[in-house]
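Chains as they are written, first to last, in the working numbering: chain A, 19 to 393; chain B, 22 to 312; chain C, 309 to 580.
Only one structure is covered here, and it is reproduced in the block below.
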Amino acid sequence: MTEAVFAPWDDPTEKPLIRFKSVTKRFGDFTAIDDLTLDIFEQEFFALLGPSGCGKTTLMRMLAGFESPTSGVIELAGEDIAPIPPNKRAVNMMFQSYALFPHLSVYENIAFGLRRAKMPKADLETRVAEMLKLTRLEKFARRKPHQISGGQRQRVALARSLAKAPKLLLLDEPLGALDAKLRQATQFELMDIQEKTGTTFVIVTHDQEEAMTVASRVAVMDEGRVMQVATPEHIYEAPSSLYVADFIGDVNIIDGQANAKGDGTFEISWHEGQAPLHATSKRAFTDGQSCHLALRPEKVSIHSEKPDQIDNAVPGKILDIAYLGNLSTYHVEIPGGKVMKAQVANTRRVSRRSFTWEDDVWLSWTNTAGVLLDQ
Amino acid sequence: MQRFVLIAVPYVWLLALFLVPFVIVFKISLSDIALAIPPYTPTLKDGFATFLAGLDFENFVFLTSDDLYWKAYLSSLQIAVLSTAFTLCVAYPIAYGMARAPEEWRPTLMMLVILPFWTSFLIRVYAWMGILSQEGFLNQFLLWSGLINDPLTILNTNAAVYIGIVYTYLPFMILPIYAALDRLDGSLIEAAEDLGCSRFQAFWLVTIPLSKNGIIAGCFLVFIPALGEFVIPSLLGGSQTLMIGKVLWEEFFNNRDWPVASAVAVILLLILIIPIVLFQRNQQKQAEEEL
Amino acid sequence: MNRLSWFNVTSLTLGFAFLYLPMLILIVYSFNDSKLVTVWAGFSTKWYGELLQNEAFLDAAWVTLKVAVMSSTLATILGTMAAYVLVRGGRFMGRTLFSGMIYAPLVMPEVITGLSLLLLFIGIGLDRGVLTIVLAHTTFSMCFVSVVVSSRLLTFDRSLEEAALDLGCSAFEAFRLVTLPIIAPAVISGWLLAFTLSLDDLVIASFTAGPSATTLPIKIFSAVRLGVSPEINALSTIMIAIVAVGVITASLVTKRNLVRQQQEERAAAQAG
């Protein structure tokens, strides 16, 4: 039962596969990557997540060798890769556009890299067959890229970049061109293939759900800096900043002043005439320091009467109800005019819903439900 | 009714001024030269039976027996093939450079390529006469730089014809290649390099095959008109430069041998049909691929 | 990606030097004082003066212009009709022959076209002159016009025409009020193409021109055969200048319209 959890980043003796050491990349006046330091370990499925223009693609292109850092060092397995041109790196990339060669068949696309490496014919055939099998493309080997579907093209691109068994596979928005249903199925397929091959994957995406689903660790980036690197659970439950909290999932933010109550508990005064809120935090706050309480909507409960025996309760009025099928999100205006969201699972039929528009309600949550942030 | 007029007007025009003239050329190519006006026999005035009886392949037999014509066809082919190859060598780097140039420059570069196409063909050929002659600018420059001691004879040789064809037909080669290279997705080159290609291998294995259609189109666009070229060989070429367009012209205007000139034209057309059909196929295939 | 490597810079520089140097030399030496075209003897515009007094050239230029205007206008009308028939005509008897006759002149050697037309004109006893040149030029340039126009018609959204018909237009009104305004740029460039083809043409004009009408290219050709002359340089310079001004103006106008359209679209998007 006590199978070791895969967490090389917590093991100080583990050597990272990739190491960014104070890497900066400028394009003219524009700083795409700003003094970035980051370790990625072997067999990780590492996601670079951020809005467009945050530098995630630049970071990936530096790994592939299409860009070189303005300053700083990138190491692959302990070696500085700056002088190695892209065609000599043990790194392969799956392009956002897939970049399948339109004049070559699926088979020849997959064999392309192996032929460059002068792999003997027999080995090459075995390897391509293996790749075709892995990506379930056996039937399409003779087709040209324009004769197969988008999802199949995506798999060809994956097979082609995996064929050379790279130490590191870079995936640039690999699922961006697929529709929602196919994307979900493909996410699991990617994880499956990553596990089977044991290759280190670095994926660039702007889709937080995708990053959360596939990655062992996620780096949230903004304006060329890494805001937080952690496991998906950690990023979601314990974001280190308002930016990360806001970027990943839905969040309510309540601003106030913190006062220590001992035992890592803080009292937060947030609105005149309202009882202070309570929250626990490992972070230290000086008394009266301004702080932000980040609360996920699903951690907020909704009641018709003021609940007893609860850490935090705030009165409010329902403005809107968004019915999402499995869930309903209530938009509740609280004193001070702020609107909070509370998410409730729809375990009952809609007709028996207990709340409706304009109802006066109470919102409540526990001390440990939220994260207290200083920035 | 409207539709009928719409179709009939251009149709009849082309029939009368394009197709009928060819039938006439074909007919005259089967006639004999005569000291008359018009200078051939038979004509329809002689009555239909005599007219038909008077037609024969004598002129074509004559063309095969006189090796002037053989040589003219062969040297036309040779000049057209070689100059197409030269044009390709000159055009490809230019088209490549254009496709790799910054986005905002490209419309200007395109215009610079097209501009010569709008200026008079005759003038562009003429411009080279002053450059290639014995005392021309090229010789002046070479003598000045010390590369040669005696002026080279370039004008009135086949070399001048090659230069002239490359120069005048260059835009026809650049544009289709540029169009193909411009469409080329840059990430394909990166993908090739990522998979272990050197710069040159990526160029050879990806860029060239993917610009193949542009290259083929460009080659036809140069080869077809070059084969029947008249102005360039007559202005830049010498007396020993044999090109079929020139031969036809001289046969017609200087020797006033209309039947032989017509026969020369018919054979030129037959030679041209092969590349024209191939070109048409290539264009069609390309159009289908784009769908 | 978009940085130019030294190789690209070199090939572009050499390539454009090759394209433009000959014309540049020609232009510079049209201002040469000396009769010897390859020896510079000081700046002068005297060749332009002499050119303006050369009646033969002026007459030929006038004939050429007349021929070009008439033939390109006719060719535009016929070519646009032909394009419409090709793209929208549906099936009719001899459609293959028709499209063959449209495309064949594009690749036909000029000597053959010229020869065949001359034989036709002699056959039907038509005196050679301005009329025969116009007929000849119209025939081959209408094919170029129809290629330009039909490529525009192919990308034309057919539902616009259907909307016009739906709103009560006759077929001709739909063409005049909807199709023509939209394809107008292609029709205009077709006309310009036909016009320059006619201005340029030497070979076909040589076959179809008679003693009563000589065009400028024929005049230039017979003068040039004897060698380079500064007067021809001056004439060439004028012709190059006209074309350059025309093409550059046209492309600037097109670009300005494009920029304006983009600005308007952006403004509309923001307002919306």
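Even for Gly, the Cβ is constructed at its ideal location relative to N, Cα and C.
State yes or no: is the C-beta of residue i within less than 9 Å of the C-beta of residue j?
i, j, result
"B:Gly151", "C:Ile528", "no"
"B:Leu76", "B:Ser104", "no"
"A:Ser319", "A:Ser372", "no"
"C:Pro413", "B:Phe39", "yes"
"C:Gly402", "C:Gly518", "no"
"A:Leu94", "A:Lys214", "no"
"A:Leu67", "A:Ala198", "no"
"A:Thr204", "A:Gly169", "yes"
"C:Tyr337", "C:Thr346", "yes"
"B:Phe251", "C:Val511", "yes"
"A:Lys317", "A:Thr384", "yes"
"C:Phe503", "C:Ser380", "yes"
"A:Asp190", "A:Met80", "no"
Report all residues from its chain with a CB closer than 6 Å to the CB of residue i; omit the five preceding and five following residues, and keep chain order.
i, result
"A:Ser287", "Gly274, Gln275, Pro294"
"C:Ala325", "none"
"B:Asp203", "Ala120"
"C:Phe339", "Phe351"
"B:Glu271", "none"
"A:Asn277", "Glu285, Asp305"
"B:Ser96", "Leu263"
"A:Val262", "Val238, Met245, Gln246"
"A:Arg44", "Thr88"
Excluding the five sequence neighbours on either side, which residues of its own chain have a C-beta within less than 7 Å of the C-beta of residue i, listed in chain order?
i, result
"C:Arg494", "It is worth fixing the name first, because residue 494 of chain C is Ala in this sequence and not Arg. Cβ neighbours of C:Ala494 beyond the five flanking positions: Val456, Val457, Arg460."
"A:Pro315", "Asp268, Asn270, Thr347, Lys359, Ala360, Gln361"
"C:Asn310", "At C:Asn310 the pLDDT is 42, less than 50, meaning the model places this residue with poor confidence; the figure from the coordinates comes in the next sentence. Cβ within range, chain order: n/a, list empty."
"C:Leu423", "Phe515"
"A:Thr20", "Here A:Thr20 scores only 44 on pLDDT, less than 50, and its place in the model should not be relied on; the value that follows carries that caveat. Cβ within range, chain order: n/a, list empty."
Could you name the residues of the same chain whose beta carbon sits closer than 8 Å to that of residue i, not counting the 5 residues immediately before and after it, in chain order?
i, result
"A:Gln226", "Leu67, Phe265, Ile266, Gly267"
"A:Arg154", "Arg173"
"A:Gly334", "Val350, Glu351, Ile352, Pro353, Met358, Asp378, Val379, Trp380, Leu381"
"C:Leu425", "Thr440, Leu443, Ala444, Thr447, Ile512, Phe515, Thr516"
"C:Asn362", "Glu539"
If you measure from the beta carbon of residue i to each beta carbon in chain F, is any gap under 9 Å?
i, result
"A:His296", "Among the chains of the structure shown, chain F does not appear; the protein chains present are A, B and C."
Worksheet item: Just checking, does the stretch 377-394 of chain C make contact with the stretch 406-418 of chain C on the three C-beta pairs under 8 Å criterion?
Response: Here the stretch 377-394 of chain C lies against the stretch 406-418 of chain C, with 3 or more beta-carbon pairs under 8 Å apart.
Worksheet item: For the stretch 432-445 of chain C, which residues have a beta carbon sitting closer than 8 Å to at least one beta carbon of chain B?
Response: Per Cβ criterion, the list reads Leu443, Ala444.
Worksheet entry | Within 7 Å of chain B by C-beta, residues of the stretch 373-402 of chain C in sequence order | Closer than 7 Å at the C-beta level to chain B, one finds these residues of the stretch 373-402 of chain C: Leu386, Met389, Ala390, Tyr392, Val393, Gly397, Phe400.
Discussion item. Quick check: the stretch 219-227 of chain A against the stretch 41-50 of chain A, are at least 3 beta-carbon pairs closer than 8 Å?
Written reply: Contact between the stretch 41-50 of chain A and the stretch 219-227 of chain A is absent, because fewer than three Cβ pairs lie under 8 Å.
Fill in: Contact the stretch 101-113 of chain B vs the stretch 193-209 of chain B: 3+ CB pairs below 8 Å
Yes, they touch.
Item to complete: Could you list the residues in the stretch 208-228 of chain B with a C-beta less than 9 Å from some C-beta on chain A, going in chain order?
Response: Hits within the stretch, in order: Ser208, Leu209, Ile210, Glu211, Ala212, Ala213, Glu214, Asp215, Leu216, Gly217, Cys218, Ser219, Arg220, Gln222, Ala223, Leu226, Val227.
Practice prompt. Counting only runs of 4+ residues fully inside the stretch 430-488 of chain C, write out the alpha helix (DSSP H) ranges in chain order.
Written response: List check, alpha helix (DSSP H) in window: 438-462, 466-474, 479-482.
Worksheet item: Of all the residues that make up the stretch 130-162 of chain A, which are near chain B by a beta-carbon distance shorter than 7 Å?
Response: Those would be Phe130, Gly131, Arg134, Ala135, in chain order.
Item to complete: Within the stretch 342-427 of chain C, note down every full alpha helix (DSSP H) run reaching 4 residues or more, in order along the chain.
Response: Counting whole runs of 4 or more residues, the stretch 342-427 of chain C contains the alpha helix (DSSP H) stretches 354-361, 363-396, 403-415.
Fill in: Interfacial residues, the stretch 344-356 of chain C to chain B, with Cβ spacing under 9 Å
Per Cβ criterion, the list reads Leu344, Val345, Thr346, Val347.
Discussion item. So if I threshold CB-CB distances at 9 Å, which residues from the stretch 74-86 of chain A count as touching chain B?
Written reply: Residues passing the 9 Å Cβ filter: Arg79, Ala82, Gly83, Phe84.
Practice prompt. Can you check the stretch 288-337 of chain A for any beta strand (DSSP E) of at least 3 residues that lies completely inside it and give the ranges in chain order?
Written response: Taken in chain order, the whole beta strand (DSSP E) runs of length 3 or more contained in the stretch 288-337 of chain A are 295-298, 307-313, 319-321.
Worksheet item: Counting pairs of Cβ atoms below 8 Å between the stretch 324-343 of chain A and the stretch 290-308 of chain A, do you hit three or more?
Response: In short, these stretches touch, since the Cβ pair count reaches three.
Worksheet item: Quick one: any contact between the stretch 82-101 of chain A and the stretch 276-284 of chain A, if contact means 3 or more CB pairs under 8 Å?
Response: Because the criterion of three Cβ pairs below 8 Å is not met, the stretch 82-101 of chain A and the stretch 276-284 of chain A do not touch.
Practice prompt. Output, in sequence order along the chain, the residues in the stretch 461-487 of chain C whose CB is closer than 9 Å to any CB in chain B.
Written response: Hits within the stretch, in order: Ser478, Ala479, Phe480.
Worksheet item: Does the stretch 473-485 of chain C touch the stretch 418-430 of chain C, meaning 3 or more C-beta pairs lie closer than 8 Å?
Response: Contact annotation: the stretch 418-430 of chain C does not touch the stretch 473-485 of chain C, with fewer than three C-beta pairs closer than 8 Å.
Discussion item. Output needed in chain order: residues of the stretch 151-167 of chain B with a Cβ under 8 Å from some Cβ in chain C.
Written reply: With the criterion set as a beta carbon lying under 8 Å from some beta carbon of chain C, the members of the stretch 151-167 of chain B are Gly151, Ile152, Ser154, Glu156, Gly157, Phe158, Gln161, in sequence order.
Worksheet entry | Members of the stretch 29-42 of chain B near chain C, C-beta cut-off 7 Å | Look at the stretch 29-42 of chain B: the residues with a C-beta under 7 Å from a C-beta of chain C are Val30, Pro31, Tyr32, Trp34, Leu35, Leu38, Phe39, Leu40, Val41, Pro42.
Worksheet item: Which runs of the alpha helix (DSSP H) fall wholly inside the stretch 199-275 of chain A and span at least 4 residues, in chain order?
Response: Complete alpha helix (DSSP H) runs here, min 4: 226-232, 250-255, 260-265.
Discussion item. Suppose only complete runs of 4+ residues qualify. What are the alpha helix (DSSP H) ranges in the stretch 181-234 of chain B, listed by chain order?
Written reply: Fully enclosed alpha helix (DSSP H) runs of 4 or longer: 207-215, 220-223.
Fill in: Within 7 Å of chain B by C-beta, residues of the stretch 91-111 of chain A in sequence order
Taken in chain order, the members of the stretch 91-111 of chain A whose beta-carbon sits within less than 7 Å of a beta-carbon on chain B are Pro104, Asn105, Asn110, Met111.
Worksheet item: According to a CB-to-CB cut-off of less than 8 Å, which residues of the stretch 118-133 of chain B neighbour chain C?
Response: Result list: Gly118, Met119, Arg121, Ala122, Pro123, Glu124, Pro128, Leu130, Met132, Leu133.
Item to complete: Quick one: which unbroken alpha helix (DSSP H) runs of 4-plus residues sit fully inside the stretch 478-544 of chain C? Chain order, please.
Response: DSSP runs (the alpha helix (DSSP H)) wholly in the stretch 478-544 of chain C: 479-482, 488-508, 511-516, 524-532.
Fill in: Residues of the stretch 320-331 of chain A whose Cβ lies closer than 8 Å to any Cβ of chain B, in chain order
Against chain B - using a Cβ distance shorter than 8 Å - the stretch 320-331 of chain A contributes no residues.
Fill in: Contact between the stretch 221-240 of chain B and the stretch 127-146 of chain B (3+ Cβ pairs under 8 Å)
No, because fewer than three Cβ pairs between the stretch 221-240 of chain B and the stretch 127-146 of chain B fall closer than 8 Å, the two stretches do not touch.
Discussion item. Extract the residue ranges of the alpha helix (DSSP H) inside the stretch 140-199 of chain A, only unbroken runs of 4 or more that lie entirely within it.
Written reply: The stretch 140-199 of chain A is shown to contain whole alpha helix (DSSP H) runs of 4 or more residues at 168-180, in chain order.
Worksheet item: Should the stretch 203-217 of chain B be regarded as contacting the stretch 102-114 of chain A, the criterion being three or more beta carbon pairs within less than 8 Å?
Response: Segments in contact, yes.
Practice prompt. Identify each residue in the stretch 83-99 of chain B for which the Cβ-Cβ distance to at least one residue of chain A is less than 8 Å, and report them in chain order.
Written response: Against chain A - using a Cβ distance shorter than 8 Å - the stretch 83-99 of chain B contributes no residues.
Discussion item. Suppose only complete runs of 4+ residues qualify. What are the alpha helix (DSSP H) ranges in the stretch 96-177 of chain B, listed by chain order?
Written reply: Listed in chain order, the alpha helix (DSSP H) runs fully inside the stretch 96-177 of chain B are 127-139, 142-153, 158-166, counting runs of at least 4 residues.
Fill in: Validate contact between the stretch 85-102 of chain B and the stretch 254-269 of chain B using beta carbons, cut 8 Å, 3 pairs
Yes, the stretch 85-102 of chain B is in contact with the stretch 254-269 of chain B.
Worksheet item: For the stretch 227-245 of chain B, which residues have a beta carbon sitting closer than 8 Å to at least one beta carbon of chain A?
Response: Those would be Val227, Pro230, Leu231, Lys233, in chain order.
Practice prompt. Would you be able to state if there are at least three C-beta pairs under 8 Å between the stretch 182-191 of chain B and the stretch 252-260 of chain B?
Written response: The stretch 252-260 of chain B vs the stretch 182-191 of chain B: in contact.
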